[in-house]
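Asker: Got a structure for you, questions after.
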Amino acid sequence: MIVTTLEHLGKQIAMNARFERAIEFLRREGWRGQPDGKIEIDGEQVYALAQSYETKRVTDQVDFEGHYQYIDIQQVIEGQEIIYWTNAAPMIRTIPYDPAKDIWFSTAPVNDATRIVLSRNCLAVFFPEDAHATRLAVDQPSPIKKVIIKVAVA
Numbered sequence: 023m024i025v026t027t028l029e030h031l032g033k034q035i036a037m038n039a040r041f042e043r044a045i046e047f048l049r050r051e052g053w054r055g056q057p058d059g060k061i062e063i064d065g066e067q068v069y070a071l072a073q074s075y076e077t078k079r080v081t082d083q084v085d086f087e088g089h090y091q092y093i094d095i096q097q098v099i100e101g102q103e104i105i106y107w108t109n110a111a112p113m114i115r116t117i118p119y120d121p122a123k124d125i126w127f128s129t130a131p132v133n134d135a136t137r138i139v140l141s142r143n144c145l146a147v148f149f150p151e152d153a154h155a156t157r158l159a160v161d162q163p164s165p166i167k168k169v170i171i172k173v174a175v176a
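Heads up: the sequence shown is residues 23 to 176, going by my numbering.
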């Protein structure tokens, strides 16, 4: 997992063609203002998901998710949210892996995870070894806009 800003991301990860396309897409910013949904970048190798939603209150247990086929680059555009991170390996899957959606879910206590606050223009990178719980309110539930870049692992 990496938590950073777009300005520093290129220096912090080993660059490859897919990451370069993802970072260039974020830098162009032509995607801002587009409706929620999938945005084409490089076929199924690199694509974006624009999202708008209301964050929800943190409880003692939260729903984590993980992916095997894609790395997530999550950037907050407006608002802020809490994301909890933990190692995916020991987690018991409460909803098994769905290969068509590349996602699995697990419920776990927040005190077993690392709390991250992502604010406007900050981003986090989640690898297949990472589990993350998103959509959580910092104080009160509030609206948020973000973009998630999906970068194929292989």
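All C-beta atoms in this analysis are idealised placements derived from N, C-alpha and C, irrespective of residue type, glycine included. If you're wondering where the values come from, they're calculated on a predicted model, not measured in any experiment.
Given 8 Å as the limit, is there contact between the stretch 113-124 and the stretch 76-93, that is, 3 or more CB pairs closer than that?
Answerer: As far as the Cβ criterion goes, the stretch 113-124 touches the stretch 76-93, which means the pair count is three or higher.
Asker: What is the DSSP secondary structure of residue 133, counted as helix, strand or coil?
Answerer: It is helical.
Asker: For residue 134, is the classification buried or exposed, using 16 other Cβ atoms within 10 angstroms of its Cβ as the cut-off for buried?
Answerer: With fewer than 16 other Cβ atoms within 10 Å, it is exposed.
Asker: By Cβ distance, which residues of its chain are closer than 6 Å to residue 48, with the 5 residues on each side in sequence left out?
Answerer: Excluding positions up to five away in sequence, the list reads 28.
Asker: In chain order, which beta strand (DSSP E) runs of at least 3 residues are fully inside the stretch 54-99?
Answerer: Counting whole runs of 3 or more residues, the stretch 54-99 contains the beta strand (DSSP E) stretches 59-64, 68-76, 83-88.
Asker: What is the DSSP secondary structure of residue 46, counted as helix, strand or coil?
Answerer: If DSSP states are grouped into helix, strand and coil, residue 46 belongs with the helices.
Asker: Going by C-alpha to C-alpha distance, which of 94, 75, 58, 83 sits closest to residue 151?
Answerer: Cα-wise, what sits closest to residue 151 is 94.
Asker: Taking 8 Å as the CB-CB cut-off, is residue 167 touching chain C?
Answerer: Structure shown: chain C not included; a single protein chain is present.
Asker: Helix, strand or coil for residue 41 per DSSP?
Answerer: Helix, per DSSP.
Asker: On the DSSP letters alone, give me the boundaries of the beta strand (DSSP E) that residue 35 sits inside.
Answerer: Neither: residue 35 is in no beta strand (DSSP E) and is coded neither H nor E.
Asker: Which one or two residues does DSSP pair with residue 160 in a beta bridge?
Answerer: According to DSSP, which records beta bridges pairwise, residue 160 is partnered with nothing at all.
Asker: Buried or exposed: residue 76, going by 16 or more other Cβ atoms within 10 Å of its Cβ?
Answerer: Its Cβ having fewer than 16 others within 10 Å, residue 76 is exposed.
Asker: Spatial neighbours of residue 73 within its chain, please: C-beta separation below 6 Å, excluding the five flanking residues on both sides.
Answerer: The residues are 58, 168.
Asker: If you drop the 5 nearest sequence neighbours on each side, which residues of the same chain put their C-beta closer than 7 Å to that of residue 51?
Answerer: Excluding sequence neighbours, residue 51 sits near nothing in its chain.
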